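As structure tokens, the structure follows; a few thoughts come after it.
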Amino acid sequence: MTTVLALPAARTRSVRKKKKPDAFPYLLLLPAVLLMAAVNLTPILQGFYMSLLKLNQFTLTQYLDAPFVGLENYRQILFDADNPMRTGMGYALRNTVLYTLTVSVCAVGIGLGVALLMNRDFPGKGIARTLVLLPWIVPSYVVGTLWGFMWQRDVGIVNVVLVDWLHLMDEKPFWLLGSNSFWAIVIPTVWRAWPVMMLIFLAALQAIPEDQYEAATIDGVSRWKQFLHITLPLLKPVIVIQFMFQIIDNVYSYNIVSMMFGNGAGYPGEWADLLMPLLTRQSFSYWLFGQGAAVSFIMMTLMLVFVGVWLKTFRKSMTGND
Amino acid sequence: MKSLAARSLAAGLLGSCLLGHAAPASAAELNLWVMSTTEQQQADTRELLKPFLAANPTLRVNVTVLNWESAWAKITAAAASGQGPDVLELGTTWVPAISSMGALEQISEPQQNEVGGAKAFFPVMWGTTHRHDDPKVFAIPWYADARAAFYRTDVFKKAGIDPRDAFANWGSFKQAMQKVNGTEIGGKKIAALGYPGKNDWNVVHNMAPWIWNAGGDLLSADRKKSGINSTEAVQAIVYYTSFAAEGLVPKSALEKDSGQIESGFFNGQYAVIFTGPWILRQMATPKARGGQLETVTANNFAIAPYPAGLKGNQTFFSGSDLAMMKSSKNKAEAWKLLAYLTGREPQVAFSKMSGMLPTRLDAANDPGLMANPHYAQFMAQVKNGRHYPSIPGWGPLESVYLKNLGNMFDIVGGLKGKYSPLAIKQAMDAAAQEADQVLYSAR
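Right, here's the structure in full:
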């Protein structure tokens, strides 16, 4: 009886509490929120405004007071074939699409495969898990520099192994010149990217209740079918998110390409140039800052659309409600 | 009560974080930005400044070392924002660009006279202190670099070649390289010539002297159009790349950078390379201190000029100038520092530290420096120096050439179509078109 009587009083208190929220915690959060907005939103808005200006070498000192040209930069980038920003953009676009797809599929695939292997019990499991994480610990610009040495035709370790030791080819191929340079950027990127994929998959695998496998085993379900019908569906939210992160990372890839091909000197070539190195080179070294901002803004918008479509398409998969 | 105390503490902490503290600035403090040219630029610059600071005890100089790769972005940001150092080092090709942005303090005639004026410096270096079409001076030359041929005397001797004939002209140089190629030294075959192809910052600098010596130029006479696809320029580029196409430069060199080519020269891979005076310092430093003194190369090399083309044997001269920012609050003291660093003694001292050449004629001919026979030999080869045109838009143009000349080495390496003079001409036509677009869009 006392319990029943106490209930309305408690509800009344809670209703009163909802009506008058304590503003103080929000006040304390406000500076952080304002700071975050300033740090994130200001550059985006400023970048967009820059894309509406004729901002080049001669107007750079005026910065945001440079002549306002409206959408002229966008028109030049999209419709003026003679625009210097556009030189080589076809190659960079093609390479970025192929590179993003290849790296994302390989990194997620290898990460998942190794995570499945690492999820078993075997002696030295702890050490093995730590060791496979090593490539991810190496900073990407170091990866670019080191692989740049490894790909060298005469003395690089890749050709030494392939040709001198294994005799897989008659002649040492070039990796940093010509079309092979595409693989010269893909392989190190995958090499660096898969360990972190593996780590996240491993965490997800360990969250799958063991009894589901036990039940399936009792029912006589094969290991392969267990993978297809238990592991894969339960990992789907993680796979979807990992793919999205990989695609975003790889479209914006810069460090490895830049460091491998002379630390930003010159041109990685028609098979190794990506959109970000092209944008940086042609915007900063040709001093077309307004147009560079416009290309960045187009890329950012396309990426936002992609993320939106991706999230909408896989929303159910990610919440695990399908 | 407890809650009130916690809230007061939180608000207090927040307030103190937001308000912060501003350090009082000293009026006698100068900020100096220099590039990383020596191995220990910070320590070397401090050493260089010791006499200046002893003579000016009230001044303090904060030295910031920038690396060449990121310096351009930092300097343009400083120029655009007006928040920069008092004195800064600028690559010689950067002076017209940064001065055109209005960021540099003009150097008056009395100031120029104080450091000796134009006549005290290499004319080619003084030419970099102002725009070609404007006599207003915005910088003073600090140190120079030039290029010459370094060759292995033992290899030439074994191949039976007189170096004077070999470096006489383009025809004799090609013949000499054909003879030298594959000469065995200590049971190891040596390649005739080494030069980098792509992936290197020096591609344009390496090509320029050959283009000039053929009578070509990188820009048209009115400085409005590219000259990279002129008959003379293409002739020079075909001649230069033919060494790689004919196997006189190992194809593997084409993916290396300048540092790796220099290492190849020290290790006995190439009989000839074209490079700057800094390797003299490396070859005079023991291996224990990171040098090459004990190598066969360091004990068997000499220096020669560029072989003459139809229009002479000029070399590429560049280096760095020092300038004052307009935004400096201590202009008088900044000038004092600039005048000191571009003076005779500091230039000689910096040349010893860096291996670069002084820009002052009296410093370049300093008996202490000239006592080194290799230095004297180098100076004798580089009298005929030339620099790029001093125009504000040089930077973008050089980037276009860097990209296109680098990309051309895919053709030279046989990885993009067949190497032929026509293929090179077509590649240079494309380069010229892109360069013209960049020149046009910079207007």
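If you read the sequences in order, they're chains A and B.
If you count by the working numbering, then the first sequence holds residues 1 to 322, one letter each, in order.
If you count by the working numbering, then the second sequence holds residues 1 to 443, one letter each, in order.
Ideal Cβ positions, reconstructed from N, Cα and C, are used throughout, including at glycine.
From a predicted model like this one, the values you see are computed outputs, not experimental measurements.
Query	Result
Got a sec: is the Cβ-Cβ distance from N407 (chain B) to anything in chain A below 7 Å?	yes
Helix, strand or coil for D162 (chain B)? Go by DSSP, reduced to three states.	coil
For S252 (chain B) and V105 (chain A), I'd like the C-alpha separation in whole angstroms.	32 Å
Using DSSP with H/G/I as helix, E/B as strand and the rest coil, what is R360 (chain B)?	strand
Could you name the residues of chain B that Q152 (chain A) contacts, counting a contact when the two beta carbons are closer than 9 Å?	S252, E255, K256 and Q260
Is DSSP giving E148 (chain B) helix, strand or coil here?	This sequence places Ala at residue 148 (chain B); Glu is not what is there. Three-state result, A148 (chain B): strand.
Verify whether the separation of the beta carbon atoms of L322 (chain B) and I140 (chain B) is less than 7 Å.	yes
R131 (chain B) and I391 (chain B) look like a contact to me (Cβ under 8 Å); what is the Cβ gap, rounded to whole Å?	7 Å
Any residues in the segment 88-104 of chain B with a beta carbon nearer than 9 Å to a beta carbon of chain A? Which ones, in chain order?	A97, S100, M101, G102 and A103
Nearest by alpha-carbon distance to L310 (chain B): which of B:P209, B:F316, B:A376 and B:V203 is it?	B:P209
With a threshold of 16 other CB atoms inside 10 Å of the CB of E89 (chain B), please say whether the residue is buried or exposed.	buried
Please state the DSSP three-state secondary structure of D75 (chain A).	Looking at the sequence shown, residue 75 (chain A) is not Asp but Arg. Note: R75 (chain A) maps to helix in three-state DSSP.
Taking 7 Å as the CB-CB limit, is F289 (chain A) close to chain B?	no
Counting only the same chain and skipping the five closest in sequence on each side, list residues whose C-beta sits under 7 Å from that of F167 (chain B).	A149, F173, A304, P305 and P307
For I44 (chain A), which of helix, strand or coil comes out of DSSP?	helix
The segment 274-306 of chain A: which residues have C-beta closer than 9 Å to a C-beta of chain B, in chain order?	R281, Q282, F284, S285, Y286, W287, L288 and Q291
Is there a Cβ from chain A that is less than 7 Å from the Cβ of A23 (chain B)?	Unreliable placement is indicated for A23 (chain B), whose pLDDT of 42 sits below 50; no coordinate value is reported for it.
Tell me the residue span of the beta strand (DSSP E) that contains D429 (chain B).	Premise fails: D429 (chain B) lies in the alpha helix (DSSP H), P421 to S441, not in any beta strand (DSSP E).
Just the Cα atoms here: how many angstroms apart are E184 (chain B) and Q242 (chain A)?	56 Å
With 16 other CB atoms within 10 Å as the buried threshold, where does A43 (chain B) fall?	exposed
Does DSSP classify Y49 (chain A) as helix, strand or coil?	helix
So is D82 (chain A) in contact with chain B if we call contact Cβ pairs under 7 Å?	yes
Going along chain B in order, which residues have a C-beta closer than 8 Å to the C-beta of Y267 (chain A)?	K198, L402, K403, N404, G406 and N407
Going by DSSP, what residues sit across from M197 (chain A) in a beta bridge?	Answer is none; M197 (chain A) lacks a bridge partner.
Between the Cα of S100 (chain B) and the Cα atoms of A:D170, A:T59 and A:F289, which residue gives the shortest distance?	A:T59
Over the uninterrupted beta strand (DSSP E) stretch that includes A302 (chain B), give me the two end residues.	F301 to A304
Who are the Cβ neighbours of L304 (chain A) in its own chain at under 8 Å, not counting the five residues just before and after it?	none
Expressed to the nearest angstrom, what Euclidean distance is found between the alpha-carbon atoms of P237 (chain A) and Q83 (chain B)?	48 Å
With a threshold of 16 other CB atoms inside 10 Å of the CB of N181 (chain B), please say whether the residue is buried or exposed.	buried
In the segment 207-256 of chain A, which residue ranges form an unbroken alpha helix (DSSP H) of at least 4 residues, counting only runs that do not cross its ends?	210-218, 223-226 and 232-251
Indicate whether the contact test is met: 3 or more Cβ pairs, each with one atom in the segment 234-247 of chain B and one in the segment 413-431 of chain B, closer than 8 Å.	yes
If you run the structure through DSSP and keep just helix, strand and coil, what is P24 (chain B)?	Here the model assigns P24 (chain B) a pLDDT of 41, short of 50, so the residue's position is not dependable and the matter cannot be decided.
Which value, in whole angstroms, describes the spacing of the CA atoms of H205 (chain B) and V61 (chain B)?	33 Å
Which same chain residues, not among the five before or five after G380 (chain A), have their C-beta less than 8 Å away from its C-beta?	The structure shown does not extend to residue 380 (chain A), since chain A is modelled only from 1 to 322, so the question has no answer here.
Any C-beta of chain A sitting closer than 7 Å to the C-beta of G355 (chain B)?	no
Considering A191 (chain B), what are the terminal residues of the beta strand (DSSP E) in which it resides?	K188 to G194
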